[in-house]
Amino acid sequence: MPESGKGFMEDCGAVVLAAGKGVRMRSPLPKVLHELLGEPMLGLVLAALVPLFGRRVWSVIGHGADMVRACLADAPGYFVLQKEQLGTGHALQTVWPELEKAELRHVLVVNGDTPLLEPEMVRDFMEQSLLQEADLAFLTLTLKDPGSFGRVVRVNGRVKAIIEAKDYDPAEHGPESGEINAGLYFMRLRAVEPLLGHLGDNNKSREYYITDLVHLAAAAGLRVLGLNRGEGQGLLGVNDPWELAEAEERLRARLVLAKQREGALIRNPGAVRLGPWAEIAPGAEITGPCEIYGRSRVEAGAGVESHCWIKNSVVAEGARVRSFCHLEGARVGPRCVVGPFARLRPGAVLEEEAHAGNFVEMKKARLGRGAKANHLTYLGDAEVGAGANIGAGTITCNYDGAAKHKTSIGEGAFIGSNTALVAPVSVGDRALVGAGSVITGDVPEDALAVARGRQKNMPKRCKK
Ligand code: UD1
Ligand code: CA
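In structure tokens, the structure reads:
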């Protein structure tokens with residue numbers, strides 16, 4: 406077999422069928438853009454294929470194509486437009502010329518609604534197909550309830566056809582075996598090419614089914630294999646909101662377990678939701694319920710307490726994010742303390758050992774090394790020097806209704822409680838601002854600034 410051994414993948418490509426409307430989702434969003442743990446379904450399928458195929462991946466898109474393209478603009482591979490969604494077989498016909506141009510020998514075809522696909526299972530399936538010299542192989546599962554899946558029909562163990570649930574007639578096709586088509590196919594291009602034109606739409610859905618290739622191939626005497634993977638729940642397609650939640654839960658459990666195996670300490674693991682690209686280092690500690698999505702990283706010795714929501718953020722070694730924090734696009738430096746009840750918005754940066762305490766909101770703001778804003782504060786478009794102390798209730802007034810302006814606070818400065826810093830403004834190193842001040846002009850280094858009404862005490866007039 407020339408294809409086997411090192412480099413057998415080089416003349417293989419992959420096709421993802423992702424043009425369907427997803428009627429059963431009853432949602433205006435194209436089905437393949439529905440998210441699992443913060444990532445679109447199609448992105449997950451592509452991520453499983455890229456380690457095997459690199460750029461040799463063609464996604465057939467149609468319904469909401471512009472949205473799909475925009476959402477997956479960075480995804481590797483190519484998009485091919487299926488203008489009218491006339492069925493999975495028609496989708497394959499649409500992409501076929503591209504596969505021929507790429508001079509592929511074999512193609513893997515997968516439904517875009519199988520987000521639990523893993524590279525190992527795909528590789529295994531292809532190796533089996535090649536080893537057994539299949540012209541057309543597909544993966545099958547055995548289910549107690551075959552639901553809406555295509556039924557595999559065998560005669561004396563040999564695959565004869567796949568019959569869609571709607572079209573299945575026990576009188577004609579025999580009693581149900583429970584064996585269904587998982588929607589993963591591996592084809593030898595030369596073998597299948599002559600059959601493509603013979604696909605018809607003579608079925609209950611009036612669609613061109615990819616699954617009809619199976620009986621066409623069997624009838625033509627080609628080698629057709631249905632490779633069974635038992636229950637293989639990880640391959641079930643997502644067609645409706647219930648199945649989406651099921652698949653998401655499976656993915657969640659799989660990701661949490663993988664991190665635990667690598668050494669992450671995950672407490673209440675059933676309530677921890679991790680995005681597929683979230684990194685939780687060995688020795689990091691997370692307590693559920695909590696959610697960590699996107700390109701987030703929790704480093705060794707860091708802890709995230711319960712009820713936190715974190716996306717695209719770093720929690721560096723030894724830092725602690727206490728309960729009920731919301732972090733997005735933030736960087737929490739080594740040994741920092743955040744929360745409880747803090748909100749770090751995009752561009753929030755805490756240098757080593759800084760603190761952002763309860764009801765502190767930061768946006769595009771940096772707390773220098775060891776600086777502290779411990780209570781009830783808003784820091785927007787702000788730079789705070791090392792060791793500065795921001796008193797309770799300090800607000801950077803960064804927006805004047807038209808534009809955003811910067812506040813800069815020097816090293817070791819002390820901002821008294823309930824201060825409004827009206828930007829653009831700067832407070833020098835080691836300066837002291839009296840509590841309750843409204844600071845509209847720069848404060849020099851080492852100065853004391855007080856900007857508030859002076860207290861007057863006067864006799865109290867009481868009516869008798
Ligand atoms: C399909 C299979 C069925 C199998 C099941 C496994 C067919 C006819 N049936 O059924 O045997 O058991 O998957 O999950 O293939 N699509 C297009 N263009 C179209 C129509 C669909 O790209 O014109 C895409 C969809 O976006 C979807 C995939 O093809 O990602 C499968 O289509 P879907 O309608 O979900 O097929 P099923 O009914 O689930
Ligand atoms: Ca499906």
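In this note's numbering, the protein residues as written are 406 to 869. Ideal placement from N, C-alpha and C gives every residue a C-beta, glycine not left out.
- Pairing G494 with I697, the inter-Cα distance amounts to about 39 Å.
- For D851, the closest C-alpha among the options E816, K861, R866 and Q860 is that of E816.
- Taking a cut-off of 8 Å for Cβ pairs, the region 703-722 and the region 677-692 touch, as three or more such pairs fall below it.
- A distance below 8 Å separates the beta carbons of L546 and R634.
- Judged by DSSP in its simplified three-state form, K868 adopts coil rather than helix or strand.
- For D572, the secondary structure class from DSSP, reduced to helix, strand or coil, is helix.
- By the beta-carbon neighbour count (other beta carbons within 10 angstroms, threshold 16), D574 is exposed.
- Here the distance from the Cβ of N644 to the nearest heavy atom of ligand 2 is below 7 Å.
- Under the criterion of beta carbons closer than 8 Å, I800 and I820 do not qualify as touching, at roughly 10 Å.
- Taken through DSSP and simplified to helix, strand or coil, W501 comes out as helix.
- Within the same chain, E538, A539 and D540 come within 7 Å of R628 by CB-CB distance, once the 5 residues on both sides are set aside.
- Between the alpha carbons of A787 and V832 lies a distance of about 11 Å.
- For K436, the shortest separation between its Cβ and any heavy atom of ligand 1 lies below 7 Å.
- For K664, the three-state secondary structure derived from DSSP is helix.
- Within the chosen limit of 7 Å, ligand 1 reaches the beta carbon of Y614 through at least one heavy atom.
- Residue G762 holds the alpha-carbon nearest to the alpha-carbon of H731 among G806, G762 and A650.
- Taking V558 as reference, the option from T616, V597 and Y590 with the minimal CA-CA separation is T616.
- Residue E444 holds the alpha-carbon nearest to the alpha-carbon of L679 among H620, N823, E444 and V765.
- Spanning the alpha carbons of A818 and R835 requires a straight line of approximately 4 Å.
- G467 is bridged by DSSP to G469.
- L641 and R556 have their alpha carbons spaced roughly 14 Å apart.
- Its Cα nearest to that of R736, the residue V703 stands out among A587, V848 and V703.
- Sequence-distant Cβ neighbours of E766 in its own chain, meaning closer than 6 Å and more than five residues away, are R748 and Y783.
- Between the alpha carbons of A423 and F729 lies a distance of about 38 Å.
- Counting only runs that start and end inside the region 609-668, the alpha helix (DSSP H) elements of at least 4 residues fall at 617-624 and 646-667.
- The beta carbons of L434 and P520 sit about 14 Å from each other, so the pair does not count as a contact at 8 Å.
- Within 7 Å of the C-beta of V737 there is not a single heavy atom belonging to ligand 1.
- Spanning the alpha carbons of M472 and V437 requires a straight line of approximately 10 Å.
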